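Enquirer: Taking the numbering used here, the leading residue of the sequence shown gets 1447, the next gets one more, and so forth.
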Amino acid sequence: MEPSWKEVTIEYDGKIIDGAYRTAGKRTAGKKILVRSMRGVIKEAPLGGLTPLYLAKMLLRKLAHEGRV
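See the structure below:
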C-alpha cells in the first residue's frame, strides 16, 4: 500500500505556498521523498538523514524558486 500524501506549507518571497509530500521506497537506503506542488509538478530526492517534513519543505522551496508552484 502506497503512503498517502501529507500537506506541507511554506512561506516563500512573502507568499504562502502549499504542496504535498510522501515517501517512496521500501528499503531504508533506497527511500526517497516526493513533493507535489498545487500545479501537480513533482520533485523527488533521496531521504538521506533528513526528516521527511524538513526535506519536503526544502524541495517545495526549490520548486517555488524555479517558478513551478
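We treat Cβ as the ideally placed atom computed from N, Cα and C, and that holds for glycine. Since this is a predicted model, take the numbers as computed values, not measurements.
Starting from the Cα of G1465, find the closest Cα among K1478, E1457 and G1471 and give me that residue.
Expert: The count along the sequence shown starts at 1 and reaches residue 1465 at position 19. That would be E1457, whose Cα lies nearest to the Cα of G1465.
Enquirer: Could you check if K1452 is buried or exposed, using at least 16 other CB atoms within 10 Å of its CB as the buried criterion?
Expert: To locate residue 1452, count along the sequence shown from 1; it is residue 6. Exposed is the call here.
Enquirer: Counting C-beta neighbours from all protein chains within 10 Å, is the total for L1475 16 or more, i.e. buried, or is it exposed?
Expert: Your numbering for residue 1475 matches position 29 in the sequence shown. The sequence shown places Ala at residue 1475, rather than the Leu named in the question. Exposed, because fewer than 16 other Cβ atoms sit within 10 Å of the Cβ of A1475.
Enquirer: Can you tell me whether A1475 is helix, strand or coil according to DSSP?
Expert: Along the sequence shown, one-based indexing puts residue 1475 at 29. Note: A1475 maps to coil in three-state DSSP.
Enquirer: Give me the residue from E1448, Y1467 and P1449 with the minimum Cα distance to K1503.
Expert: Locating residue 1503 in the sequence shown gives position 57, where the first residue counts as 1. Minimum Cα distance to K1503 is reached at Y1467.
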